[in-house]
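Enquirer: Got a structure for you, written out below as structure tokens; questions coming shortly.
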Amino acid sequence: ASSVELEDLKRVLATMKAMHDSDVFQGLETDFYGLIRLVVAHVPEQLALESLEHHIDLIYPAHPLWLQTLSEVMFSFYKTCVFPEVRVRALQSLQLLLEDYKSMYEQEITDAG
């Protein structure tokens with residue numbers, strides 16, 4: 107993408123973020139943060155962190171395709187993101203998710219036995 111296109115993208119995202127923050131944004135929050143995830147390499151660090159937190163909050167085993175979603179989130183926020191803080195938080199979130207669900211399923215097995 108050219109620098110002009112990137113600047114246009116940043117302007118559009120800044121406008122969307124301002125609308126979202128002031129509750130004027132008419133779209134779904136999931137769509138907003140989904141768009142941010144797609145262009146995470148070109149957004150400010152704080153917005154990338156917000157988007158990561160949003161996506162992580164939606165991941166749980168009962169959700170269809172949760173492992174695929176987790177993989178996509180990790181690809182976006184760890185593999186393609188340039189901010190070290192976002193990458194570290196992505197890994198920490200992954201670790202917490204896996205620990206939480208591991209203990210949850212271990213308890214079910216223990217209770218059944």
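Numbering (the numbering used here), first residue to last: 107 to 219.
Quick reminder that beta carbons are idealized off the backbone N, C-alpha and C, glycines included.
Let's test the definition: count the other Cβ atoms within 10 Å of the Cβ of E113 and tell me whether it reaches 16, buried, or not, exposed.
Expert: Answer is exposed; the Cβ neighbour count stays below 16.
Enquirer: Quick one: what does DSSP say H169 is sitting in, helix, strand or coil?
Expert: The answer is coil: DSSP assigns H169 none of H, G, I, E or B.
Enquirer: Go ahead and label H169 buried or exposed: buried means 16 or more other beta carbons lie within 10 angstroms of its beta carbon, across all protein chains shown.
Expert: Exposed, since its Cβ has fewer than 16 Cβ neighbours within 10 Å.
Enquirer: Let's test the definition: count the other Cβ atoms within 10 Å of the Cβ of S108 and tell me whether it reaches 16, buried, or not, exposed.
Expert: So S108 ends up on the exposed side.
Enquirer: Might you give, ordered along the chain, the residues of its own chain that have their beta carbon closer than 8 Å to the beta carbon of D225, omitting 5 neighbours on each side?
Expert: No statement about residue 225 is possible, as the shown extent of the chain runs from 107 to 219 and does not include it.
Enquirer: Is it buried or exposed for A188, if we count other Cβ within 10 angstroms and need 16 for buried?
Expert: Rather than Ala, the amino acid found at residue 188 in this sequence is Val. Result: exposed.
Enquirer: Among the candidates S177, T175, L202, L119, whose CA atom is the shortest distance from the CA of V146?
Expert: Of the candidates S177, T175, L202, L119, the one whose C-alpha sits nearest the C-alpha of V146 is L119.
Enquirer: Taking contact to mean at least 3 C-beta pairs separated by less than 8 Å, is the stretch 151-161 in contact with the stretch 128-143?
Expert: Flag = yes, the stretch 151-161 and the stretch 128-143 touch.
Enquirer: If you drop the 5 nearest sequence neighbours on each side, which residues of the same chain put their C-beta closer than 7 Å to that of I215?
Expert: Bear in mind that a pLDDT of 49 at I215, under 50, signals an unreliable position, so the model cannot answer this.
Enquirer: By the DSSP assignment, the alpha helix (DSSP H) with V188 in it spans what residues?
Expert: From DSSP, V188 is part of no alpha helix (DSSP H); its letter is neither H nor E.
Enquirer: Can you tell me where the alpha helix (DSSP H) with L115 in it begins and where it stops?
Expert: Counting along the chain, the alpha helix (DSSP H) containing L115 begins and ends at 109-127.
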